[in-house]
DNA sequence: GTCTCACTGATACCAGGTCTCATAACCATG
DNA sequence: CATGGTTATGAGACCTGGTATCAGTGAGAC
Ligand SMILES: [Mn+2]
Ligand SMILES: [Mn+2]
Ligand SMILES: [Zn+2]
Ligand SMILES: [Zn+2]
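Residue numbers (our numbering), protein chains in the order written: chain A, 1020 to 1161; chain B, 1020 to 1161.
Right, dumping it as structure tokens:
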């Protein structure tokens, strides 16, 4: 079963209708290699309305098929998610994304909950830096 | 010396000009109690142009007079910052913000740098939840 | 007081995203 | 299959947050 079929099964299982527009958006999403903006999908899923692309992205986010990637300037990208809850290390130079294996703050969430009496429901955690490749190319040009 | 004067001194020290517009924006910012959007300041600093408000907010961010508060939906707010680098715990119900004392991920940044060969330059970290007050009011209404 | 350059604000513009609503079509059911 | 109810679509208006342009102003060094 292809990845596309697998996503379609998930939608069916949750009583969402399988429409050509949705399939086109999902196919475009699955074809991305790194992180991407919604606009990229709007361009690549030709003929699908802008609103539908945004609606489908929301669906895919809720189903955990994509994850949100927050860039340093607070703009929102997406990325195909092949695991559960996790965070990212983004190269600010080439855009490469490293998925981090586990949530580094789950312990902290418990501590915070105890210390502050907040019931903690969510968090954002993203790291920015330069990957080894980008660092060495900078070294060469300076 | 008032907080306003203190900020003005900081601007002077860095060779920024003290203009009525800047003073109005800074005064409006310092009058905020929690986190706020730029739009709030646009409304409250009457007569100051939109662009100038945005420019001044950028200045204040660079000078660490305000810090950026990222909401759960990735929208950007600001908050008067009375300390160095830190993170936030935001109540998604009433908007109350708790400043967290220290950066909880500075150790992690070092570990990550070693493990991934990235040079890590920055991060986003924000927590969302419900404060004690909001939790008890929910308990009452259910 | 003069001069210069940083700053301003009106305005146009852009990006990202939502709302509306008439139309289309998916798919459960018979 | 044929039908029907309900879900999804897409054109376009609209909204929010933010930047670019540029002629005009005024802060403050001298
Ligand atoms: Mn996490
Ligand atoms: Mn930190
Ligand atoms: Zn890189
Ligand atoms: Zn609260």
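Ideal Cβ positions, reconstructed from N, Cα and C, are used throughout, including at glycine.
Bear in mind that the values here come from a model prediction, so they are computed numbers and not experimental data.
- At a cut-off of 3 residues, the continuous stretches assigned as beta strand (DSSP E) that sit fully inside the stretch 1121 to 1152 of chain A are 1138 to 1149.
- When A:1075, A:1081, A:1049 and A:1084 are compared, the shortest CA-CA separation from residue 1037 of chain A is found for A:1075.
- At least one heavy atom of ligand 3 lies closer than 6 Å to the C-beta of residue 1112 of chain A.
- In the three-state reduction of the DSSP assignment, residue 1106 of chain B falls in the strand class.
- DSSP places residue 1078 of chain A in the uninterrupted alpha helix (DSSP H) bounded by 1069 to 1081.
- According to DSSP, residue 1099 of chain A shares a beta bridge with A:1085.
- Residue 1071 of chain B and residue 1152 of chain B have their C-alpha atoms spaced approximately 38 Å apart.
- Taking a beta-carbon distance threshold of 7 Å, residue 1140 of chain B counts as an interface residue toward chain A.
- For the stretch 1123 to 1138 of chain A, the set of residues with a beta-carbon nearer than 8 Å to any beta-carbon of chain B comprises 1123, 1124, 1127, 1128, 1131, 1132, 1135, 1136, 1137 and 1138, in chain order.
- In the same chain as residue 1115 of chain B, and ignoring 5 residues on each side of it, the C-beta atoms closer than 6 Å to its own belong to 1150, in chain order.
- Within 7 Å of the CB of residue 1148 of chain B, the CB atoms of chain A belong to 1137, 1138, 1139 and 1140, in sequence order along the chain.
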